[in-house]
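Engineer:
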Amino acid sequence: GAGVSQTPSNKVTEKGKYVELRCDPISGHTALYWYRQSLGQGPEFLIYFQGTGAADDSGLPNDRFFAVRPEGSVSTLKIQRTERGDSAVYLCASSSPGGPSTIVEQFFGPGTRLTVL
Amino acid sequence: ILNVEQSPQSLHVQEGDSTNFTCSFPSSNFYALHWYRWETAKSPEALFVMTLNGDEKKKGRISATLNTKEGYSYLYIKGSQPEDSATYLCAFENYGGSQGNLIFGKGTKLSVKP
Chain W
1 GAGVSQTPSN KVTEKGKYVE LRCDPISGHT ALYWYRQSLG QGPEFLIYFQ GTGAADDSGL
61 PNDRFFAVRP EGSVSTLKIQ RTERGDSAVY LCASSSPGGP STIVEQFFGP GTRLTVL
Chain H
1 ILNVEQSPQS LHVQEGDSTN FTCSFPSSNF YALHWYRWET AKSPEALFVM TLNGDEKKKG
61 RISATLNTKE GYSYLYIKGS QPEDSATYLC AFENYGGSQG NLIFGKGTKL SVKP
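Chains W and H are the protein sequences, given in the same order. Heads up: the first sequence runs through residues 1 to 117, numbered per this note's numbering. Heads up: the second sequence runs through residues 1 to 114, numbered per this note's numbering.
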């Protein structure tokens with residue numbers, strides 16, 4: 001079956017522009033996660049969806065970042081007024097719902113490499 | 001602030017060498033420790049999820065151990081092959097944290113020369 005896919009694989013934009021990054025999770029996975037890996041760092045959590053709603057958005061760095069998942073499947077990460085510091089690999093992952101006392105395995109996509117000039 | 005450290009940052013070995021790297025994490029509120037392998041231009045691939053102190057898991061030539069009391073995990077690769085070249089990430093999951101809020105280390109980049 002298909003894994004998690006992300007588009008585009010690479011995105012180059014200019015400072016101040018708006019970008020959208022897309023994530024298609026594994027079919028049937030209700031949980032979806034966004035991470036960001038800046039150069040020389042490990043992936044950092046941004047936001048987690050359970051279904052259509054954001055269950056935890058504590059990792060979004062500021063209000064320029066926003067993510068949606070309107071139908072509980074595909075998600076879009078939106079970045080307004082991009083800055084050079086936003087340059088990073090943006091990773092998406094999905095998993096089954098999980099629950100109390102369960103460990104869920106996250107399945108990752110290949111990421112979108114965003115470069116802000 | 002929860003911190004996950006991995007060492008070494010990078011490692012160069014010859015084909016056939018065995019190697020190991022370390023992941024250090026907070027010893028309090030431990031819930032799970034995840035290991036991922038990330039090859040360039042591919043998706044991070046889950047290797048192990050470890051939950052119990054003393055856990056030891058194995059997948060082919062790769063194995064991992066877990067010590068939750070002292071807050072460390074080792075990943076071992078026996079007889080390294082060029083296809084093992086990748087970045088190995090560990091991620092800590094803390095008890096009471098949000099599901100999926102994995103705290104990653106910076107990774108160990110392994111290069112295996114034929």
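Heads up, the beta-carbon is just placed ideally off N, CA and C, and yes, glycines get one too.
Going by DSSP, what residues sit across from H:LEU66 in a beta bridge?
Structural biologist: Looking at the DSSP assignment, H:LEU66 forms a beta bridge with H:SER73.
Engineer: May I ask which residues mark the beginning and end of the beta strand (DSSP E) holding W:THR13?
Structural biologist: Here the beta strand (DSSP E) through W:THR13 covers 10-13.
Engineer: When the cut-off is 8 Å and only beta carbons count, does W:ILE26 lie next to chain H?
Structural biologist: No - not a single Cβ of chain H is within 8 Å of the one on W:ILE26.
Engineer: Where does W:ARG81 fall in DSSP's three states?
Structural biologist: W:ARG81 falls in the coil class under three-state DSSP.
Engineer: Kindly indicate the opening and closing residues of the beta strand (DSSP E) around H:VAL112.
Structural biologist: Start and end: 108-113.
Engineer: Is W:ASP153 buried or exposed, if buried means 16 or more other CB atoms sit within 10 Å of its CB?
Structural biologist: Since the first residue shown for chain W is 1 and the last is 117, residue 153 of chain W is missing from the structure and cannot be characterised.
Engineer: Return the chain-ordered ranges of every beta strand (DSSP E) run that is complete within the region 40-81 of chain W and spans a minimum of 3 residues.
Structural biologist: Listed in chain order, the complete beta strand (DSSP E) runs (minimum 3 residues) inside the region 40-81 of chain W are 44-50, 53-56, 65-68, 75-79.
Engineer: Which same chain residues end up closer than 6 Å to W:GLU14 when comparing Cβ atoms and leaving out the 5 residues on each side of it in sequence?
Structural biologist: Within the same chain, W:GLU14 has close Cβ partners LEU117.
Engineer: Does W:GLU105 have its Cβ less than 8 Å from a Cβ in chain H?
Structural biologist: W:GLU105 counts as touching chain H.
Engineer: Any C-beta of chain H sitting closer than 8 Å to the C-beta of W:VAL12?
Structural biologist: So, not an interface residue.
Engineer: Would you say W:GLY72 lies against chain C (beta-carbon separation less than 8 Å)?
Structural biologist: In summary, chain C is missing from the structure at hand, where the protein chains are W and H.
Engineer: Rounded to a whole number of angstroms, what is the C-alpha to C-alpha distance between H:GLU5 and W:SER95?
Structural biologist: Whole-angstrom Cα-Cα distance: 25 Å.
Engineer: Using DSSP with H/G/I as helix, E/B as strand and the rest coil, what is W:ASP24?
Structural biologist: W:ASP24 falls in the strand class under three-state DSSP.
Engineer: Determine, using beta carbons only, whether W:PHE108 comes closer than 8 Å to chain H.
Structural biologist: Cβ-Cβ to chain H under 8 Å: yes for W:PHE108.
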